Structures are given as structure tokens and as C-alpha cells.
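Comments concern the structure below.
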Amino acid sequence: MMHRVFGNRHADFTARPLVQAMRLIIKANIPADVNVCEKARQVVDFFFDPTLQRNLEPLPCEELVVYKYPVGRLRVCIVGGGPTRLASAISLAEKGGGKIEVHVWERRWVKDERTGEVGYPATARRRDQVVTLQDSVTDLLTPKSLQALFAGRPERVWPGSANIQIRKVEGRFLKRCQDDELRHLIHLHPEGVTREELKNGRCGDFHVLLGTDGAASGVRRDYFRGYEKERGRSYALGLAFDRGSVGGLPWSQPLNMFLTLGQTRYLLNASDHDGKGYLNMQLTEDEWHKMVGSPDDAV
Numbered sequence: 184m185m186h187r188v189f190g191n192r193h194a195d196f197t198a199r200p201l202v203q204a205m206r207l208i209i210k211a212n213i214p215a216d217v218n219v220c221e222k223a224r225q226v227v228d229f230f231f232d233p234t235l236q237r238n239l240e241p242l243p244c245e246e247l248v249v250y251k252y253p254v255g256r257l258r259v260c261i262v263g264g265g266p267t268r269l270a271s272a273i274s275l276a277e278k279g280g281g282k283i284e285v286h287v288w289e290r291r292w293v294k295d296e297r298t299g300e301v302g303y304p305a306t307a308r309r310r311d312q313v314v315t316l317q318d319s320v321t322d323l324l325t326p327k328s329l330q331a332l333f334a335g336r337p338e339r340v341w342p343g344s345a346n347i348q349i350r351k352v353e354g355r356f357l358k359r360c361q362d363d364e365l366r367h368l369i370h371l372h373p374e375g376v377t378r379e380e381l382k383n384g385r386c387g388d389f390h391v392l393l394g395t396d397g398a399a400s401g402v403r404r405d406y407f408r409g410y411e412k413e414r415g416r417s418y419a420l421g422l423a424f425d426r427g428s429v430g431g432l433p434w435s436q437p438l439n440m441f442l443t444l445g446q447t448r449y450l451l452n453a454s455d456h457d458g459k460g461y462l463n464m465q466l467t468e469d470e471w472h473k474m475v476g477s478p479d480d481a482v
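First residue of the sequence shown? That's 184 in this note's numbering, and the numbers climb one at a time after it.
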């Protein structure tokens, strides 16, 4: 019924006789204190969708039998699988008390057919920049997710914050999404989704859509056009380096912080654990044009 008659989608929010008949069949055969399997849970969620009306209008005149209503889970569709998207999925699953089901779609992922795990292939476009995460943000994570993010050793560089590679945030949060306690609430789809496919129901029914497809995204372009105004430009050059975990950084992180604060041209974002990072240098407009106009083999 769910697949062939409804096509996995609700046309509206009205409780029609066919929906009520299915609800009666399901409710009469599933005790409230029994945990159903995941496939059966999907059927329960569909027919007891929290956005659908509960009763027929008007109610029948004859004597009624009242059943406890097993409210289905809220379905959230997230398009994009970067750090912010994964953190949102984890937070919704952890704090939803089992009442929120999250589906994340990301074209860079691949599924290991042997283990069933979802991950990044070696050819995936990843960001190696080191970012600074404020404690005010990471303190919002649960202890398990915080442990997963920093692997038990946050690298303190600036007071009240820690440095970490974006690549590591993505990889560790993706692994956290596949922990046993979250696996049945967070569903990872290693595919991209277009607007047309969303309209055609490729992602099925969902109640909330998070368009988190990056800074140069369709959501940003279509919904916030003209909202952001240019207030000036800054020019910068980022130099990536990898000294290896044995070498680490040449100076301590406190000294690096002091040297950064002592001037306004250079900013070092790097990890002493693995010796990887970026040295960012602010450029003048003239320096920028000279750099862009240099031949490919120039140093």
C-alpha cells in the first residue's frame, strides 16, 4: 500500500478513509510496548506521520474505539555532507530522543560493498585547511561526539579554542554517524540530489529540508540573492605544508600564537600532532595581480 498506492509520498495532510484503515490494521496488530524492526518502523512512520491529521472529519456518529496514537518520527533531509551538515545530523539524532530520522545526501561519498560503511574515496575533493573551533561551539556537542571529533586530544593553540583539519572533522563525524547507537537514525546516501529530483520525490517524504551544499551552492544563489553586499575585498595567499608527524612544527604553538598576534600579515593554522597546515599571508591588491599574472612555472 505504501509503495504502490501512495508512492511513498503524502499528497496532503488530510486523514482519508484509506489512511485510517491502514492505521487501524497496523495499530491493532502492534502492541505499544514492542520494538518493531526498522522496515516495519518505516511503515509506521509513514501512516502515523506527525504532520497528518489524526482523525476523520467529521467523526462518525456511532460509538468509537480509541487507540493510543503511535506518532511517527520526524524526517529531516540534508543535502550536502560537509562538517556542518554532519554535525547537524548527529545533533538531531542524539537530541531527538529517537523521534527524528535524518537522511544525508552527499555525492563525494562511496559505499564499501564488503562492509557497508560509507566513506571518502582517495580521489574525493577534500579540504586540508586547518580551522579553529571555539569552545563555545564544541561544548554544545555530547561527550561522545566531542571525543569522536578530537580523538581525545584537542590541540590548544588559541585560548578557548582548538585547531583541527577540515578533513579530520568530516572523516570523524562521518564515522560517528555510523556508530551503532546512531546508525538506525542517520541514513547516509552516497549520491547527489538536484532540485528536480527533490520535486520528483527521489528523497521520499520529509518534513524539514536542510540545503547545506556549500558556499557556492544553489540554495545560497537562489534564496539569498542580493542579500549579501560586497563591502570591500581582501587578498590572501595560503601555502599548504606537510612536515610529517615526526617533525611537527618548528616552534611551539604558544610562540606561533604570539608571533601571529604581533603582526597582521601572516596567520599560521597548523597542527603540531601531524605537522600539516596552512600559512596564510595577506596581500596587497598589487601583489595579488602580480601573483595571478605570473607564469605557471614561476616560483
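Idealized CB from N, CA, C, for every residue including glycine.
This structure is a prediction, so every number in the text was calculated from the model and none was measured.
DSSP, read as helix, strand or coil, puts Gln317 in strand. In the structure shown, Trp471 adopts helical secondary structure according to DSSP, grouped into three states. Taking C-alpha positions only, Ile261 is separated from Val301 by approximately 16 Å.
A residue is called buried once 16 or more other Cβ atoms fall within 10 Å of its Cβ, and His372 is buried on that count. Nearest Cα to Leu235 within the set Leu422, Val202, Leu365: Val202. 8 Å or more divides the Cβ of His370 from the Cβ of Val429. Taking each of Asn238, Lys282, Gln317 in turn and checking the Cα distance to Leu207, the smallest one comes out for Asn238. Membership of Phe424 in the beta strand (DSSP E) is indicated by the continuous run 418-425.
Residue state for Gln312 is assigned as coil, using DSSP reduced to three classes.
In the structure shown, Glu338 falls within a strand segment according to DSSP collapsed to helix, strand and coil. Relative to Ala194, the option among Arg339, Leu451, Gly387, Glu221 whose CA is nearest is Gly387.
Shown here for Thr267: same chain residues with a beta carbon closer than 8 Å to its own, the five before and five after excluded, namely Thr395 in chain order. Between Leu438 and Phe424, the alpha-carbon positions lie close to 19 Å from each other. Contact between Pro200 and Val227 does not hold, since their C-beta atoms are separated by about 19 Å, which reaches or exceeds 8 Å. Annotated as distal: Gln465 and Ser435, with beta-carbon spacing of 8 Å or more. In this structure, Arg291 sits near Tyr303, with a CB-CB distance shorter than 8 Å.
DSSP, reduced to helix, strand and coil, places Asn218 outside both helices and strands of the structure shown, so it counts as coil.
By the CB criterion at 8 Å, Ile283 and Leu368 fall inside the cutoff. According to the DSSP secondary-structure assignment, Met464 is paired through a beta bridge with Leu420, Tyr449. The three-state reading of DSSP puts Leu371 in strand, counting E and B together. Scanning its chain for C-beta atoms nearer than 7 Å, with the 5 sequence neighbours on each side dropped, one finds around Arg310 the residues Ile349, Arg350, in chain order. Per the C-alpha coordinates, the member of Asn346, Asp363, Ala307, Leu247 positioned closest to Lys327 is Asp363. Excluding residues up to 5 positions away in sequence, Val254, Gly255, Leu257 lie with their Cβ nearer than 7 Å to the Cβ of Pro233 in the same chain. The beta-carbon distance between Tyr449 and Gln312, rounded to whole angstroms, is 15 Å. This is too long to meet the 8 Å contact definition.
Looking only at Lys459, Gln361, Arg336, the smallest Cα-Cα distance to Asp295 is reached by Gln361. Val287 is positioned such that its CB atom lies no closer than 8 Å to that of Gly265. For Arg192, the closest alpha carbon among the candidates Asn212, Ala204, Gln225 is that of Gln225. Straight across, the Cα-Cα distance linking Gln330 with Lys473 is about 45 Å.
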